[in-house]
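Asker: Once you've had a glance at the structure underneath, I'll fire off some questions.
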Amino acid sequence: MILELSQVNSYYDKSHILNDVSLSVEEGTSVCLLGRNGVGKSTTMKTIMGMLNPKEHCKTEGSILFQGKELVGMQSHAIARLGIAYVPQGRHIFPTLSTEENLRVAARTGVDGSNKWNLESVYEFFPRLKERESSKGDKLSGGEKQMLAVARGLMQNPKMMLLDEITEGLAPIIVDQLAEMVHNLVAEGVTILIAEQNVKFAMKVSSDCYILERGAVAHHQKTAELSEETRKKYLGL
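Residue numbers (the numbering used here): 62 to 298.
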């Protein structure tokens with residue numbers, strides 16, 4: 062397993078958000094976190110990235126192993142340098158920088174010295190970004206901004222990507238394009254953990270599914286085996 066969470070508890074100040082969360086992600090796969098709004102999906106992502114730390118009046122307990130290395134207690138920048146790229150909810154691209162500048166500012170070689178994902182290969186993977194390379198971030202469409210956010214993560218040459226609600230607010234045709242993108246990334250050897258409310262999208266792109274409820278894992282199953290009854294029970298669908 063490339064990533065293993067074991068009995069993870071996370072707290073915002075005195076609020077207990079994640080409750081004994083355990084999950085694992087096999088290298089070279091795509092795994093999704095599903096659940097209604099506010100159940101802890103984004104908190105799980107932030108916890109993995111070390112963003113719930115004492116400086117933020119937060120606390121994390123339990124174990125998070127990435128390629129066998131304990132992440133709990135590490136700072137976010139150190140976790141990123143181990144080979145995890147985080148694409149947060151809301152995209153957070155630089156609005157006054159061009160597409161190319163947004164990509165260049167994130168560029169670095171991988172932890173193993175690899176430079177597979179560079180400006181040329183990213184533009185080949187996202188030809189629309191090549192067309193818009195001179196456009197400022199605030200002039201891009203919602204779909205283009207999301208592609209740029211993912212592409213910026215790839216410029217870090219990661220072993221694994223955390224994608225948080227990447228379909229939010231996007232038209233169905235763009236969501237379909239993002240589904241194809243995730244499939245292609247997995248084929249390229251990138252391991253992906255996705256937090257999503259869009260169940261249809263998540264079921265298209267993942268092999269394993271964890272459903273969160275009230276900050277805990279309520280259900281775990283192969284995505285292809287997820288029944289309509291289970292979806293209705295936990296997701297209201």
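Glycine included, C-beta positions come from ideal geometry on N, C-alpha and C.
Only a predicted model underlies this, so the values are computations on that prediction, with no experimental measurement involved.
Would you tell me roughly how many angstroms separate the C-alpha atoms of V183 and R213, rounded to the nearest one?
Answerer: Locating residue 183 in the sequence shown gives position 122, counting from the first residue. Locating residue 213 in the sequence shown gives position 152, counting from the first residue. Whole-angstrom Cα-Cα distance: 9 Å.
Asker: Could you have a look at N70 and say whether DSSP puts it in helix, strand or coil?
Answerer: Here residue 70 refers to the residue found at position 9 when the sequence shown is read from its first residue. Three-state DSSP puts N70 in a strand.
Asker: To the nearest whole angstrom, what separates the beta carbons of L113 and A256, a pair I think is in contact under 8 Å?
Answerer: Here residue 113 refers to the residue found at position 52 of the sequence shown. Here residue 256 refers to the residue found at position 195 of the sequence shown. Their Cβ separation, rounded to whole angstroms, is 15 Å, which puts L113 and A256 out of contact at 8 Å.
Asker: Suppose only complete runs of 3+ residues qualify. What are the beta strand (DSSP E) ranges in the segment 191-245, listed by chain order?
Answerer: Entirely contained in the segment 191-245, the beta strand (DSSP E) runs reaching 3 residues are, in chain order, 221-225.
Asker: Do T105 and V133 have their C-beta atoms closer together than 8 Å?
Answerer: The residue labelled residue 105 in the question sits at position 44 within the sequence shown. The residue labelled residue 133 in the question sits at position 72 within the sequence shown. Not in contact: T105 and V133 (Cβ atoms no closer than 8 Å).
Asker: For E249, which residues does DSSP report across the bridge?
Answerer: As a first step, residue 249 must be located in the sequence shown, where it is residue number 188. In the DSSP output, where bridge partners are listed per residue, E249 has none listed.
Asker: CA-CA distance, K283 and D269?
Answerer: The residue given as residue 283 occupies position 222 in the sequence shown. The residue given as residue 269 occupies position 208 in the sequence shown. When rounded, the distance between both Cα atoms is 4 Å.
Asker: Whose C-beta lies closer than 7 Å to the C-beta of E65 among residues of the same chain, with five residues either side of it excluded?
Answerer: Residue numbering aside, residue 65 sits at position 4 when the sequence shown is read from its first letter. Cβ neighbours of E65 beyond the five flanking positions: S85, L126.
Asker: Pick from E131, I140, S196: whose alpha carbon is nearest that of N163?
Answerer: The sequence position of residue 163 within the sequence shown is 102, counting from 1. Ranking the options by Cα distance to N163, first place goes to S196.
Asker: Is any heavy atom in the ligand HEM found nearer than 7 Å to the beta carbon of L66?
Answerer: The model on display carries no ligand, and the ligand HEM is accordingly not part of it.
Asker: Identify, in the order they occur along the chain, each residue of the same chain with its Cβ nearer than 6 Å to the Cβ of G204, setting aside the five sequence neighbours on each side.
Answerer: Here residue 204 refers to the residue found at position 143 when the sequence shown is read from its first residue. Around G204: L231, I235.
Asker: For G250, count neighbouring C-beta atoms within 10 Å of its own C-beta (all shown protein chains included) and say buried if the count is 16 or more, exposed if not.
Answerer: Counted from its first residue, the sequence shown places residue 250 at position 189. When all chains shown are included, G250 counts as exposed.
Asker: What do you reckon, are the CB atoms on V69 and L79 nearer than 8 Å?
Answerer: Position 8 of the sequence shown, counted from the start, is the residue given in the question as residue 69. Position 18 of the sequence shown, counted from the start, is the residue given in the question as residue 79. In contact: V69 and L79 (Cβ atoms closer than 8 Å).
Asker: Classify V260 as helix, strand or coil using the three-state DSSP reduction.
Answerer: What you label residue 260 is simply residue 199 of the sequence shown in a count that begins at 1. Helix, per DSSP.
Asker: Can you check which of these residues, M242, R275, G276, N176, is closest to A263 by C-alpha distance?
Answerer: For the purposes of this step, residue 263 is taken as the residue at position 202 of the sequence shown. Residue M242 is the option with its Cα nearest to A263.
Asker: Cα-Cα, which of K294, E289, K265, V266 is closest to A279?
Answerer: Taking the first residue of the sequence shown as 1, we reach residue 279 at position 218. Here the closest residue by C-alpha is K294.
Asker: Determine whether the beta carbon atoms of M302 and W178 lie at a separation below 8 Å.
Answerer: In the structure as shown, the chain begins at 62 and stops at 298. Residue 302 is therefore absent and cannot be evaluated.
Asker: Assign N218 to buried or exposed, taking buried as 16 or more other Cβ atoms, counted over all protein chains shown, within 10 Å of its Cβ.
Answerer: Counting from 1 along the sequence shown, the entry for residue 218 is found at position 157. Label assigned to N218: buried.
Asker: For K107, count neighbouring Cβ atoms within 10 angstroms of its own Cβ and tell me buried if that reaches 16, exposed if not.
Answerer: For this step, residue 107 is matched to residue 46 along the sequence shown. Result: buried.
Asker: List the DSSP bridge partners of L79.
Answerer: By one-based count along the sequence shown, residue 79 stands at place 18. For L79, which the question treats as bridged, DSSP gives the partners S71.
Asker: With 16 other CB atoms within 10 Å as the buried threshold, where does S175 fall?
Answerer: For the purposes of this step, residue 175 is identified with residue 114 of the sequence shown, where counting begins at 1. Its Cβ having fewer than 16 others within 10 Å, S175 is exposed.
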